[in-house]
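FYI, in the working numbering the residues of the sequence shown are 25 to 329.
Ideal Cβ positions, reconstructed from N, Cα and C, are used throughout, including at glycine.
Since the structure is predicted, the reported quantities are computational estimates derived from the model, not experimental observations.
What follows is a short report on a single structure.
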Amino acid sequence: MSTKRSIVIFFGTASNGSFGNASITLTHCNINAKLLQIDAHDLNDDGLTDLLVTCTATLSADSDLYAMLNLSNGYNYRHKFIWDRGEWHIDSFVIGDFSNDGREIDISFYGHESKVYTVETINPNGDYQHARIFSVNKIHGKPQSIIRGRFNDDGVDDIALIAPESDTLHVLLNRGFLNFLQQIYHIDNSPRSIVRINFNNDSIDDLAILGCNQTVNIYLGTESGIFDQPKISFQISQNHTSQCFQTLKAADLNQDGNDDLTFIDPNTQSIRVLLSANCNEQFLNAIISFTLLLVLYLLLTISRF
C-alpha cells in the first residue's frame with residue numbers, strides 16, 4: 025500500500041526469492057479516502073489470489089470494504105463493493121469459513137462502535153453482492169487484533185480478539201448459522217496483540233497474547249472451548265519502557281514443525297523472533313531418573329568411606 029491511495033504489486037522470482045523490476049499499481053480509494061487494510065485471499069473460489077481492502081474517509085468515520093477480483097495473472101482486477109455502509113467505520117477484518125459451508129469467504133470485522141460484525145459476502149452464483157449481516161456481537165472496550173481459529177472440537181471457525189482498554193480477551197465460539205457464543209476473560213498484563221498458535225500439537229488451536237508489560241502468555245485450547253489461566257507465561261525483556269511491543273505473529277520460521285513467534289520492538293526499531301523449543305517429556309523424565317540414580321550412587325559411595 026502507498027500513501028497515494030494505491031496498491032503496488034511486486035512479482036516475486038521463485039528461483040532466488042527476489043522481486044523483479046516490473047510491478048503494477050492499482051489505483052483504489054477515492055481522492056478523500058485512504059487505504060486502511062489489505063489482505064490477499066481467494067475470495068471467489070476460482071484458484072486465483074484476490075485482494076480485500078478497506079478505504080476510510082480522511083474527514084469522517086466512513087468506510088468502504090470491497091474486493092479486487094483477480095481476472096487472470098495478477099495484472100487485471102475487477103472491483104466489487106462488499107460493504108459501503110459508510111456510517112460503520114471498519115478498523116480491521118478477518119476472513120474465514122464462519123458459515124461452515126467449506127468456503128473461506130465470510131468476513132468478520134469491527135469498528136469504532138465496539139461491535140464485531142460477521143457477514144456472508146458471496147452468493148451461490150459465485151459473484152459478489154452487498155454483504156448480509158448474520159451476527160453482531162458487542163465488545164466491552166475497543167476491539168483489537170481480530171483473528172480466527174478453531175478453539176474447540178467442533179471443527180468450525182471461531183473468532184478471538186482483545187480489548188486493551190478493558191484488559192479483556194473475547195472468544196466468539198461459532199454455534200452454527202453464524203451465531204456466536206461470547207466468552208470474556210480478564211487479562212492482567214495489558215494485552216496488545218493476539219495470535220492463534222498450535223502450542224501443544226493437538227487438533228485445537230491455542231492462543232498467544234503479547235502484553236504491554238513485555239510478557240507472552242500462552243492459553244491452551246480445550247475441547248469445550250473454555251480457556252483456563254495461562255499455562256505458560258514468560259518475560260521477553262527486562263528493559264521496561266513506555267512503548268509496548270506490537271504486532272505479534274505466529275509462523276514456523278525454522279521449518280521444524282512448531283509455531284514460532286515474532287513481534288515488533290519499537291524501542292530498538294527491530295523485529296524480534298522467539299523460536300519454539302521442543303520439550304520431550306519422556307526424555308526429560310529419563311534425565312531426571314538418571315540424575316536421581318547418580319545422586320543415590322554417589323551418596324552410597326561416600327557413605328562407605
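Thinking residue i and residue j are a contact (beta carbons under 8 angstroms), I'd like their distance in whole angstroms, please.
i	j	result
N94	T78	Wrong, their Cβ atoms sit about 18 angstroms apart, outside the cutoff.
F122	N161	So it is not a contact: roughly 12 angstroms between Cβ atoms.
I211	T192	6 angstroms
I131	V143	5 angstroms
Q293	S261	Not quite, the Cβ-Cβ distance comes to about 14 angstroms (not below 8 angstroms), so this is no contact.
S214	C236	4 angstroms
F43	T37	7 angstroms
L75	A57	Incorrect: roughly 16 angstroms between the Cβ atoms, too far for contact.
P167	L196	Wrong, their Cβ atoms sit about 11 angstroms apart, outside the cutoff.
L231	Y243	4 angstroms
N124	G200	6 angstroms
I208	N176	Incorrect: roughly 16 angstroms between the Cβ atoms, too far for contact.
To which residues of the same chain is residue i closer than 8 angstroms at the C-beta, ignoring the five residues directly before and after it?
i	result
N278	D284, L299
E247	N176, D177, I228
DSSP beta-bridge partners for residue i?
i	result
Y101	N94
P215	G235
V180	V180 pairs with nothing; no bridge assigned.
Q61	T78
D284	A275
R220	L231
N161	V140
L72	None, per the DSSP bridge assignment.
What three-state label does DSSP hand residue i in the structure shown?
i	result
P254	coil
E247	coil
C303	Low local confidence applies: a pLDDT of 49 at C303 is under 50, so the model's placement there is unreliable, with the coordinate-based value given in what follows. Of the three classes helix, strand and coil, the one that applies to C303 here is coil, per DSSP.
L316	Any reading at L316 needs caution, since the residue's pLDDT is 47, under 50, leaving its predicted position unreliable; the model's value is listed next. Note: L316 maps to helix in three-state DSSP.
N149	Confidence in N149 is poor, its pLDDT being 47 and thus under 50, which makes the residue's placement unreliable; the coordinate value appears in the next sentence. Of the three classes helix, strand and coil, the one that applies to N149 here is coil, per DSSP.
S39	coil
S190	helix
N198	strand
N241	strand
F175	coil
R127	coil
T49	strand
I295	strand
By Cβ distance below 7 angstroms, which residues in the same chain neighbour residue i in space, the five residues on each side in sequence not counted?
i	result
A181	Going by the sequence as given, residue 181 is Asp instead of Ala. Once the five neighbours on either side are set aside, the close Cβ partners of D181 are G120, D121, F122, R172, R174, N198.
H103	Y90, M92
T271	S217, F287, I288
S116	Q61, F133, Y134, I170
A187	I163, H164, G165, K166, P167, Q168, H194
L67	D74, L76, A91, L93, I129
Q206	N161, H194, L196
Starting from the C-beta of residue i, find all residues in its chain whose C-beta is less than 6 angstroms away, skip the five residues before and the five after it, and write them out in chain order.
i	result
F307	With a pLDDT of only 36 at F307, under the threshold of 50, the placement of this residue in the model should not be trusted; the figure read from the coordinates follows. Hits under 6 angstroms: none found.
S190	H164, G165
F105	Y90
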